[in-house]
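Contents: one structure, followed by commentary.
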């Protein structure tokens, strides 16, 4: 009985540590995507809302996590976005269409 409890505790500890690393990777990927789209990532909004199993390109099982996060184009708006991580690799992402902010002092 103690052996089963120890195994469950070790699995829970591994999952917790792996989740922290995966969230940090998701924040980095979200920040990179936001910068490419001229958006600001709102760091504290990154949250994992779905965990399941998936297979990588070599057919190995890994945890597939879906993260929701928010970005801002103008500072006063929020866009809800999503990225999917398979293990520590970015599998897919979605940023909804948005209007680019107009510069206050155009050069033309």
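Numbering (the UniProt record's numbering), first residue to last: 1 to 108.
C-beta atoms are modelled at their ideal positions from N, C-alpha and C, and glycine is treated no differently.
What you are looking at is a predicted structure, and each value in this text was computed from that prediction instead of being measured.
query: Element boundaries [alpha helix (DSSP H), containing residue 30]; result: 2-36
query: Range covered by the beta strand (DSSP E) that runs through residue 76; result: Residue 76 -> no beta strand (DSSP E), and no H or E assigned at all.
query: Cut-off 6 Å between Cβ atoms - residues of its own chain near residue 53, not counting five sequence neighbours on either side; result: 61
query: Cβ-based burial, residue 78 [other Cβ within 10 Å; buried from 16]; result: exposed
query: Any 3 or more C-beta pairs closer than 8 Å across the region 27-36 and the region 3-12; result: no
query: Secondary structure of residue 60, DSSP reduced to three states; result: coil
query: Other residues of its chain near residue 69: CB distance less than 6 Å, five sequence neighbours each side excluded; result: 30, 45, 46, 81
query: Range covered by the beta strand (DSSP E) that runs through residue 54; result: 40-55
query: Beta-carbon proximity list for residue 49, same chain, < 8 Å, skipping 5 on both sides; result: 66, 67, 68
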